[in-house]
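Numbered by this note's numbering, the letters in the sequence shown go through residues 401 to 1156 in order.
For every residue, glycine included, the Cβ atom is placed at its ideal position computed from N, Cα and C.
Below is one structure, written out as structure tokens, with a few remarks after it.
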Amino acid sequence: MARPSLTPNSSGLAVARQALSQQGLTQVELVRELECSRQPISNFFGGKAIEQRLFMAICQRLGLDWHEIAQTPPTGSRSIATTRSKDTQALVNHYRHLVHAEIAHRCGPIRILGLNHPIEPEDIYTEVKVLEKISADRWQTIDDSMAETQIDDRWSLGKVNVTRISGINALTKYQHLILFGKPGAGKTTFLQHLATECDRGNIAADRVPILLTLKDWAQTDADTALVAYIDRRYGSGTNINEWRQLFQAGRGLILLDGWDEIPRADEAQILDRLREFIKEFGDNYIAISCRIGAWEDTYGFERFTEVELADFDDEQIAKFASKWFQDRPHGAEFAANFLQELARNPELKDLVVTPILLPLVCLAFEDLGSCLHIRTRLYQVGIETLLAKWDNRRGIERDPIYRWLSPELKIQLLATIAFKTLQERQYFFSGAVVEQYILEFLQQLPDIDPRSISPIASRSILKAIVAQHGLLIERARDIYSFSHLTFHEYFVACYLIPTPTQTPPPASIEILLAHLDDGSTWREVWLLAVELLSHGDLLLQPLQQHIHELVRTHPDLGDYLRQLPQIAPELDLMLTNLSPQAVLALRFDIDFDLDRHRTVAFALDPRSSIFVAASFYHRMLGIDLKTAIDRAEADPQISIAKTANEAMRIAIENVLEDRKLAIENYQKLESLKKNYERENDLVSHEEVLNKMATDARIIARSLLRLGDSSQKSEDFKLILKKYYVRISIIVECLQNRDCQISQVERNKLMKFLFKS
401 MARPSLTPNS SGLAVARQAL SQQGLTQVEL VRELECSRQP ISNFFGGKAI
451 EQRLFMAICQ RLGLDWHEIA QTPPTGSRSI ATTRSKDTQA LVNHYRHLVH
501 AEIAHRCGPI RILGLNHPIE PEDIYTEVKV LEKISADRWQ TIDDSMAETQ
551 IDDRWSLGKV NVTRISGINA LTKYQHLILF GKPGAGKTTF LQHLATECDR
601 GNIAADRVPI LLTLKDWAQT DADTALVAYI DRRYGSGTNI NEWRQLFQAG
651 RGLILLDGWD EIPRADEAQI LDRLREFIKE FGDNYIAISC RIGAWEDTYG
701 FERFTEVELA DFDDEQIAKF ASKWFQDRPH GAEFAANFLQ ELARNPELKD
751 LVVTPILLPL VCLAFEDLGS CLHIRTRLYQ VGIETLLAKW DNRRGIERDP
801 IYRWLSPELK IQLLATIAFK TLQERQYFFS GAVVEQYILE FLQQLPDIDP
851 RSISPIASRS ILKAIVAQHG LLIERARDIY SFSHLTFHEY FVACYLIPTP
901 TQTPPPASIE ILLAHLDDGS TWREVWLLAV ELLSHGDLLL QPLQQHIHEL
951 VRTHPDLGDY LRQLPQIAPE LDLMLTNLSP QAVLALRFDI DFDLDRHRTV
1001 AFALDPRSSI FVAASFYHRM LGIDLKTAID RAEADPQISI AKTANEAMRI
1051 AIENVLEDRK LAIENYQKLE SLKKNYEREN DLVSHEEVLN KMATDARIIA
1101 RSLLRLGDSS QKSEDFKLIL KKYYVRISII VECLQNRDCQ ISQVERNKLM
1151 KFLFKS
């Protein structure tokens, strides 16, 4: 299909030249800004025809209406006015050709937050999936929500047990859709994709795609019928009867973006005009997007089916990463490393289920090769994006229900809700609970209008937070949570560290110390709190004193620490290859009783993979530990293994090839490996690899234990666990480049590790 072109009329050309001069631009600068060649710019200002897409881009850059600048097509140009009543297909063909340039322009290159250049949406587009049952419409208890999303002692809040189907299939199936989604869920991108695919003839090739922003309609022609507005935007403004014939035949794909962005004053008028259109032209495919929580049940679109954009699942994240990194050197390897980091770090994976935040994490990984040590900065940018940047960038003003709260006060409010709910171990909470917290927060503010302090105001603010920002979301009917567990944890850290440049309040330190043994969520709060401080040792010193007290009050723990250098003397051979602290960490938990992932040892020295493999060889093959260490050190794959599970996978393969392996142990390991290989790819699927490595460790440990912890009482093992948890927090902070700790203090803390 030849690309349509436009020519500036004489008066329009004069206006364009004047606009160029008034804005202090040159044609060369315009070439650079529009990222095109010089020829079309030169032709435009020479009064010659150029590609319609570029014609419109030039006008947009100069702040001009391209309809007023372009020549009216000559009377001899192709027209189907005489045949429109006879040949609907000819009408469809004509208008598909007519809208092509506008669709290409509206769905052209975009700037992603954090990226300094535009990219083609289709280069990174990932198939959208929708939930056929709206999450907020489900009836669930809080216990149901926790059971649905729990993974170990964390919650994967993007996990919802509702059937997902392709977004395109949903439109085909239902014809009329209300498309709900959280902020940044990809509603606009999906509608643009539908318009582009229809324009290209890949879907609905017998229909004319129409993509409109409802805010633009409301602000320019709210009193105009939709069919007339479409004629103005996509036609000449004089062919309304042809558009009516087209829509009466049901040959339109009408995509209306951003119901929640319509100014409140124009909403009733737009609603009336839209109802009129649907009543007259209901045989067309129609999709309306809206932020979840901003839709009123009173709108009354009876013929429409409501669906909700689902958070990204593992498959979608993998496809996006593959596309994102595909043009980088070693792109496939980069994408694989990125996915492995997500698999090993649930805090990051929890964040990237939201499409607007996934590119942010990809950009950070691309620059640094890891995102582990910039979590607070990632969360800050993510929250700023959802709280303000996303709307500000598109010029959207939301309902002023709580606009009088500054961004800082909004963050304080969310931090208060986060802390109070986590204190009660509430990851999911009722609307009444959070409304009460909002009311209590408002009552503490000085100089506030008393009318703003009421249960009704609290309810309205809760609805506004859900609809406008997506930081709190309705999981089921009147059951809420933070959109990401990482945000919940980050806001708690903000509550406890109100002034990052000062010593934390004694109450905050007391609270953090009291929750040291309360699972991964409070552990993450600890790590984030240290990151927030301008001097991380302001929290680590109290933690060090707390550990001293633990050792002082448990003399048997002190005895154990003093005996560490004598456990498995063969490990002295590794002191030349591993840091002394890493060797102590391996000795402390030599039989994996506390931490099967060897978290502390790997944080202190990634070459701990050598001992992971060596101890497995020693137990499974019956060879002495010195020989096992030599064998592991000689294997280059083991030396570069990044995790204990990865080292175990290599060690299992090596052991299965060794003739010294007893037949009964060979059968156990071979059966184990085959079972997990059938489940998934062991190299790339961290969860499956973890299961296999854990089961293999159990087999090996049943054959031989290297330490004597099996002789210790359960109470003593509990004390060891408490000590290990506290030490692991210090180690992770020391390894975190974003934790601001002086070198002197770092050295002191390193010497403190695993010492009595």
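Looking only at Leu1025, Val930 and Asp599, the smallest Cα-Cα distance to Gly508 is reached by Asp599. Contact check between the stretch 523-534 and the stretch 709-723: three or more CB pairs, one atom from each, fall below 8 Å, which counts as touching. Ranked by Cα distance from Tyr1124, the first of Ile1029, Leu984 and Arg859 is Leu984. The shortest CA-to-CA distance from Glu824 to any of Ala907, Trp922, Val781 and His869 is the one to Trp922. Bridge pairing for Glu874: Tyr880 [DSSP].
The alpha-carbon of Leu913 is positioned some 28 Å away from that of Pro980. Counting along the chain, the unbroken beta strand (DSSP E) around Leu656 starts and ends at Gly652 to Asp657.
Boundaries of the beta strand (DSSP E) harbouring Phe580: His576 to Gly581, taken from the DSSP string.
Taken through DSSP and simplified to helix, strand or coil, Glu970 comes out as helix. Excluding residues up to 5 positions away in sequence, Leu757 lie with their Cβ nearer than 6 Å to the Cβ of Gly782 in the same chain. In the three-state scheme derived from DSSP, where H, G and I count as helix and E and B as strand, Thr705 is classed as strand. Ser1008 and Glu835 have their alpha carbons spaced roughly 50 Å apart. Taken through DSSP and simplified to helix, strand or coil, Thr613 comes out as strand. Distance from the CA of Phe992 to the CA of Ala736, rounded to the nearest whole angstrom, comes to 28 Å. If you draw a straight line from the Cα of Asp878 to the Cα of Leu939, it comes to about 37 Å. In the three-state DSSP reduction, Ala694 falls in the coil class, being neither helix nor strand.
Partner residues in a beta bridge of Glu522, as assigned by DSSP, do not exist.
The stretch 679-691 and the stretch 586-602 touch, with no fewer than 3 CB-CB distances between them shorter than 8 Å. With fewer than 16 other Cβ atoms from the protein chains shown falling within 10 Å of its own Cβ, Gln843 counts as exposed. In the displayed model, Glu747 falls within a helix according to three-state DSSP.
The Cβ atoms of Gln645 and Leu491 sit closer than 8 Å to each other. Rounded to the nearest angstrom, the gap between the Cα atoms of Thr572 and Asp750 is 31 Å. Cβ contact annotation for Ile947 (same chain, cutoff 6 Å, sequence separation greater than five): Arg1126, in chain order.
Boundaries for Lys1148: no beta strand (DSSP E) harbours it, while the alpha helix (DSSP H) harbouring it runs Gln1143 to Phe1152, taken from the DSSP string. Scanning its chain for C-beta atoms nearer than 7 Å, with the 5 sequence neighbours on each side dropped, one finds around Glu708 the residues Val530, Leu531, Ile534, Ser535, Phe580, Gly581 and Ile692, in chain order.
With respect to Ala501, Leu462 sits apart: the two C-beta atoms are not nearer than 8 Å.
Contact annotation: Lys1060 and Glu970 have beta-carbon atoms that are not nearer than 8 Å. A Cβ-Cβ contact shorter than 8 Å links Ala470 with Thr407. If you compare the alpha carbons of Ala864, Gly870, Phe882 and Leu768 with that of Ala818, the shortest gap goes to Phe882. Per DSSP, the unbroken alpha helix (DSSP H) holding Val415 starts and ends at Ser410 to Gln422.
Assigned with DSSP and collapsed to three states, Glu824 falls in coil, not helix or strand. The beta carbons of Arg1019 and Leu1103 sit closer together than 8 Å. Thr821 and Gln1037 have their C-alpha atoms spaced approximately 46 Å apart. Going by C-alpha positions, His576 is about 38 Å away from Leu813. Collapsing the DSSP output to three states places Ile630 in a helix. Within the same chain, and ignoring the five residues on either side of Val428 in sequence, the residues whose Cβ sits closer than 8 Å to its Cβ are Arg438.
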